[in-house]
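The next block holds one structure in the form of structure tokens; read it before the comments.
Numbering (our numbering), first residue to last: 279 to 388.
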């Protein structure tokens with residue numbers, strides 16, 4: 279607990295700067311996965327980046343829990359995780375009274 283409090287006290291001035299652009303704010307996500315990239319257990323790794331306008335606000339990379347039978351299945355799972363996180367961010371923005379003028383977009387390479 280003491281470590282946590284010292285960390286918080288030392289990072290009070292840290293923050294996330296969101297620069298307002300002349301275009302309407304948007305929420306955009308990028309999703310990707312590799313298929314059976316882990317040679318030990320043949321699981322895939324997936325990840326995503328979520329941008330609020332031009333500011334990166336959320337990201338994650340993780341090993342998928344199950345073995346995908348195809349590249350399409352691995353990509354689908356990655357997009358599903360990205361979609362869930364994107365929905366959570368979108369709901370948070372609505373709670374902060376920052377509704378988006380357009381639907382959030384997910385880009386994937388497949």
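Even for Gly, the Cβ is constructed at its ideal location relative to N, Cα and C.
Since the structure is predicted, the reported quantities are computational estimates derived from the model, not experimental observations.
About 25 Å separates the beta carbon of residue 326 from that of residue 289, a gap too long to meet the 8 Å contact definition. 336 is the residue among 336, 320, 306, 364 whose C-alpha sits nearest the C-alpha of residue 294.
Out of 384, 388, 379, the CA that lies nearest to the CA of residue 303 is found in 379. DSSP places residue 366 in the uninterrupted alpha helix (DSSP H) bounded by 349 to 373. Between residue 330 and residue 305, the C-beta gap is smaller than 7 Å, which places the two residues in contact. Under the three-state reduction of DSSP output, residue 315 falls in the coil class, being neither helix nor strand.
Taking C-alpha positions only, residue 349 is separated from residue 292 by approximately 40 Å. Residue pairing of residue 291 in beta bridges, as defined by DSSP: absent, with no partner found.
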